[in-house]
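Below: one structure, written as structure tokens.
Number of protein chains: 2
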Amino acid sequence: MFRMDETDGVPGSVCGPAAPAAARRGRTPSADVERELLTAAEAVLVREGPGGLTVRAVATEAGIAPMGVYNRLGGKDGLVDALLIRGFDRLRAACDATAGPDATARFFDAGRRYREFALANPHFYAIMFEDAIPHGFDNPDVAEHAQAAFRALVRVVEVTAAAGAIAAPDLVEVAQQIWSAIHGAVALELKGLIQTEDPAATYRALLDTLFQGLAPPPAR
Amino acid sequence: MFRMDETDGVPGSVCGPAAPAAARRGRTPSADVERELLTAAEAVLVREGPGGLTVRAVATEAGIAPMGVYNRLGGKDGLVDALLIRGFDRLRAACDATAGPDATARFFDAGRRYREFALANPHFYAIMFEDAIPHGFDNPDVAEHAQAAFRALVRVVEVTAAAGAIAAPDLVEVAQQIWSAIHGAVALELKGLIQTEDPAATYRALLDTLFQGLAPPPAR
DNA sequence: ATAACTATGTAACGCTGTTCTATAAAAGTC
DNA sequence: GACTTTTATAGAACAGCGTTACATAGTTAT
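Chains as they are written, first to last, in our numbering: chain G, 10 to 229; chain C, 10 to 229.
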């Protein structure tokens with residue numbers, strides 16, 4: 010008698026490790042408790058930072074007992090995983106929203122948006138890429154959303170390459186180079202380790218360096 | 010509170026001229042307890058990782074009570090700061106040990122050594138640059154040793170620029186670009202996020218891209 | 001020898017993530 | 001509608017963490 014009604018509407022019911030079929034048929038007093046919980050978790054993360062993101066704090070923020078975090082999200086791991094997915098989705102959206110008159114402009118716009126996302130969401134970036142909350146990418150859902158963000162960057166590179174501004178046999182490798190570089194730049198900036206006076210200018214200079222270094226030989 | 014004599018690097022230096030104000034007048038039963046404590050701390054870090062680096066574990070490793078970590082190193086913060094200084098000193102040594110027939114070779118050798126340091130000391134790199142153990146760079150000692158490592162990288166850039174392979178008005182900014190890029194590359198590699206099959210090859214390609222992008226216009 | 005001082009070890013506090021258990025409420029069955 | 005079964009909940013409790021308090025032991029100064 011396992012009815013898979015699931016009444017979702019909340020596709021964000023990620024919580025991979027725990028509660029695989031947990032929401033099978035329970036009473037579901039308020040079907041979107043998980044989303045409220047996630048909203049509370051995000052509020053705590055943004056307000057208190059990764060160090061303040063505790064099970065008890067999130068439960069209190071949501072007005073429930075700490076056990077609810079385990080029943081609904083699979084403990085702190087599930088909580089963090091759900092936040093990671095949110096973060097990577099937003100990062101992907103930032104990279105996908107590139108605009109500009111030509112492929113070159115879109116290249117630089119993507120780089121600019123990446124940095125702006127990180128600076129606007131430092132705590133998200135910290136849990137996504139720093140070990141602010143220790144985690145791996147073993148959760149398939151998290152890994153998938155992270156790779157989706159990377160694919161958005163690959164698409165930007167493909168557009169730029171199609172316009173002739175980038176020449177390389179492996180565009181995925183080019184995208185990886187760019188990702189490494191811009192990630193390092195924002196990571197160091199978030200930790201206050203940029204040694205130049207104008208981090209924004211140095212960031213633009215890095216994008217210029219990458220663009221020049223990736224340009225095809227004739228233009229080089 | 011902070012009295013960590015960073016007499017690191019030369020393990021044979023007996024505490025003759027050292028033990029400055031630390032042994033103000035106390036009994037100083039064994040003057041190098043602090044170094045033994047640091048050695049124990051490093052052993053725990055390497056063996057257990059940042060998550061296993063607890064005050065109790067280090068104290069047990071050193072054969073003392075947890076209180077000793079507070080009396081000798083100023084609690085966990087002092088412990089981590091001392092390890093950070095060790096890590097940055099080694100990173101600086103790695104960058105300083107660049108070799109090669111010419112400036113170009115030294116440029117790539119420095120990049121190679123940076124990555125090798127990170128891959129050989131992942132836990133050190135994690136506490137230095139990731140937020141594996143939350144910390145800032147407010148401690149002047151830590152900040153100074155970190156900047157010393159960066160200055161080693163600046164020197165490599167200066168040598169490369171003197172040879173005519175790099176042309177830029179601000180070599181510090183160039184060094185910052187390179188640091189950002191290679192830090193991002195090794196940070197992502199340590200987290201298993203390199204999307205290409207051969208991370209080493211992609212890393213070399215990134216160095217090539219940087220070198221090409223920083224080359225003076227005529228050679229470009 | 002006596003007194004002052006300091007470093008140490010034991011125990012405890014508050015915090016964390018997590019687990020256990022009893023309770024209460026919903027769903028299924030007659 | 002009444003009864004049984006299932007399940008989520010709340011509260012307390014456990015082990016671990018960093019840290020602190022306090023009494024003790026040992027060294028130094030007078």
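Here a beta-carbon is modelled for each residue, glycine too, at the ideal position from N, C-alpha and C.
Should residue i and residue j be called a contact, given that it needs their Cβ atoms to be closer than 8 Å?
i               : j               : result
A135 of chain G : D118 of chain C : no
G145 of chain C : P143 of chain G : no
L46 of chain G  : V78 of chain G  : yes
G193 of chain G : H132 of chain G : no
C104 of chain C : V165 of chain C : yes
R121 of chain C : V168 of chain C : no
T218 of chain G : Q186 of chain C : yes
R101 of chain G : A157 of chain G : yes
A71 of chain G  : T113 of chain G : no
Q204 of chain C : F159 of chain G : yes
Does residue i have its Cβ less than 8 Å from a Cβ in chain G?
i               : result
E182 of chain C : yes
E139 of chain C : yes
I191 of chain C : yes
I203 of chain C : yes
P131 of chain C : no
L284 of chain C : Since the first and last residues shown for chain C are 10 and 229, residue 284 of chain C lies out of range.
F159 of chain C : yes
F126 of chain C : no
G222 of chain C : yes
L54 of chain C  : no
A135 of chain C : yes
F146 of chain C : yes
T211 of chain C : yes
Whole-angstrom Cβ separation of residue i and residue j, contact assumed at under 8 Å?
i               : j               : result
V151 of chain C : L223 of chain C : About 30 Å separates the two Cβ atoms, so there is no contact after all.
E95 of chain C  : V42 of chain C  : Looking at the sequence shown, residue 95 of chain C is not Glu but Arg. About 17 Å separates the two Cβ atoms, so there is no contact after all.
Closest by CA to residue i, which one among the options?
i               : options                         : result
V181 of chain G : C:L215, C:Y79 and C:G58         : C:L215
P225 of chain G : G:A71, G:A170 and G:T218        : G:A170
V183 of chain G : C:G201, C:A177 and C:T211       : C:T211
A91 of chain G  : G:R124, G:A49 and G:R121        : G:A49
N130 of chain G : G:T69, G:A74 and G:A196         : G:A196
D111 of chain G : G:W188, G:T63 and G:A172        : G:A172
R99 of chain G  : G:A190, G:R115 and G:Y123       : G:Y123
A176 of chain C : C:E153, C:D147 and C:F220       : C:F220
G87 of chain C  : C:V67, C:V165 and C:P178        : C:V67
D179 of chain G : C:E70, C:E206 and C:N80         : C:E206
G201 of chain G : C:K85, C:L62, C:F138 and C:L202 : C:F138
A127 of chain G : G:V53, G:R213, G:E198 and G:R44 : G:E198
G83 of chain G  : G:V53, G:N148 and G:G109        : G:N148
L238 of chain G : G:R44, G:G109, G:K85 and G:W188 : Limits of chain G in this structure are 10 at one end and 229 at the other, which puts residue 238 of chain G out of reach.
Decide if residue i is buried, meaning its Cβ has at least 16 other Cβ atoms within 10 Å, or exposed.
i               : result
M76 of chain C  : exposed
E51 of chain G  : buried
A161 of chain G : buried
R65 of chain G  : exposed
P208 of chain C : buried
E153 of chain G : exposed
E125 of chain C : exposed
A155 of chain C : buried
R33 of chain C  : Only weak support is given to the placement of R33 of chain C: the predicted model assigns it a pLDDT of 33, under 50, and the question is left unresolved by the model.
Checking contacts by CB at 8 Å: is residue i closer than that to chain C?
i               : result
T218 of chain G : yes
G96 of chain G  : no
P149 of chain G : no
P143 of chain G : yes
A176 of chain G : no
G87 of chain G  : no
A194 of chain G : yes
G60 of chain G  : yes
L197 of chain G : yes
T69 of chain G  : no
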